[in-house]
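First the structure, in the form of structure tokens, and then the observations on it.
Numbering (the numbering used here), first residue to last: 6 to 207.
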């Protein structure tokens, strides 16, 4: 694990307990993020622009990721990436505001689709390979993939943090498949696993 290193993060807050500065220090890189709190709200931005949010306070862009578009009921409609992939992800919801489908398009062609049922997720990619994920409780899932390179049935166990983020995934033999650790204010601090594909799927 030669890529693991110590890091320090320090935070500065204003009198309203709004985060104003986040500093990261490590041997590999040092960086600082400065947030300006808009005078008419407690919304923090890097450029003090109220245009970063809509009238309901929904974030309109993610730095280096893409632009966000929201439905009238504050559910995410689409994410348009700012890179050269020309990729857009759309989300569809039921009448209760629960996401039931997400579709990823590139150059106006569907690349993948994921349908969300109460205990089952069904993912289909552009090659029509289908993966079914069955959730039993919040920690167990079973997958069935039509790709001949994978076993037809797999059982994984996912351990979550207090924020319900997946941190550790095990197979049915209690062998670690992937591990992920997060910074206090979001972002991945560490991700590891024996199989790169398994790590990405988590």
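Glycine included, C-beta positions come from ideal geometry on N, C-alpha and C.
Since we're looking at a predicted model, the values are computed, not measured.
{"Query": "In whole angstroms, give me the CA-to-CA distance for residue 3 and residue 84.", "Result": "Past the boundaries of the shown model lies residue 3; the chain is included only from 6 to 207, so the question cannot be answered."}
{"Query": "Taking a contact to mean a Cβ-Cβ separation below 7 Å, would you say residue 80 touches residue 102 in this structure?", "Result": "yes"}
{"Query": "Look up residue 181 in the DSSP assignment and give the residues it is bridged to.", "Result": "175"}
{"Query": "Identify every residue that forms a DSSP beta bridge with residue 29.", "Result": "14, 36"}
{"Query": "Assuming contact is defined by CB atoms lying nearer than 7 Å, are residue 17 and residue 25 in contact in what I supplied?", "Result": "yes"}
{"Query": "Among residues of its own chain, excluding the 5 on either side of residue 171, which ones have a beta-carbon nearer than 8 Å to its beta-carbon?", "Result": "163, 164, 165, 185, 207"}
{"Query": "Is it buried or exposed, residue 13, if we count other Cβ atoms within 10 angstroms and call 16 or more buried?", "Result": "exposed"}
{"Query": "Which one or two residues does DSSP pair with residue 187 in a beta bridge?", "Result": "193"}
{"Query": "Residues in the same chain with beta-carbon distance under 7 Å from residue 59, minus the five sequence neighbours each way, listed in chain order, please.", "Result": "65, 75"}
{"Query": "Could you tell me which residues DSSP pairs with residue 126 in its beta bridges?", "Result": "121, 138"}
{"Query": "Restricting to Cα atoms, I'd like to know which of 30, 23, 28, 29 is closest to residue 43.", "Result": "23"}
{"Query": "Let me make sure I understand the geometry here. Which of 88, 108, 114, 29 has the alpha-carbon closest to that of residue 127?", "Result": "108"}
{"Query": "In this structure, how does DSSP classify residue 82 when only helix, strand and coil are distinguished?", "Result": "strand"}
{"Query": "Do the CB positions of residue 91 and residue 111 come within less than 7 Å of each other?", "Result": "yes"}
{"Query": "If we ignore side chains and look at the alpha-carbon of each, how far apart do residue 61 and residue 118 end up?", "Result": "29 Å"}
{"Query": "Can you check DSSP and say which residues form a bridge with residue 99?", "Result": "In DSSP, residue 99 forms no bridge with anything."}
{"Query": "May I ask which residues mark the beginning and end of the beta strand (DSSP E) holding residue 131?", "Result": "Per DSSP, residue 131 belongs to no beta strand (DSSP E) and is neither H nor E."}
{"Query": "Below 8 Å CB to CB, which residues in the same chain sit around residue 176 once its five sequence neighbours on both sides are set aside?", "Result": "159, 160, 161, 162, 182"}
{"Query": "Using only alpha-carbon positions, find the residue among 122, 114, 140 that is nearest to residue 99.", "Result": "122"}
{"Query": "Return the Cβ separation of residue 10 and residue 33 in integer angstroms, given the expectation that the two are a contact with Cβ distance under 8 Å.", "Result": "6 Å"}
{"Query": "Could you give the DSSP three-state label for residue 1: helix, strand or coil?", "Result": "In the structure as shown, the chain begins at 6 and stops at 207. Residue 1 is therefore absent and cannot be evaluated."}
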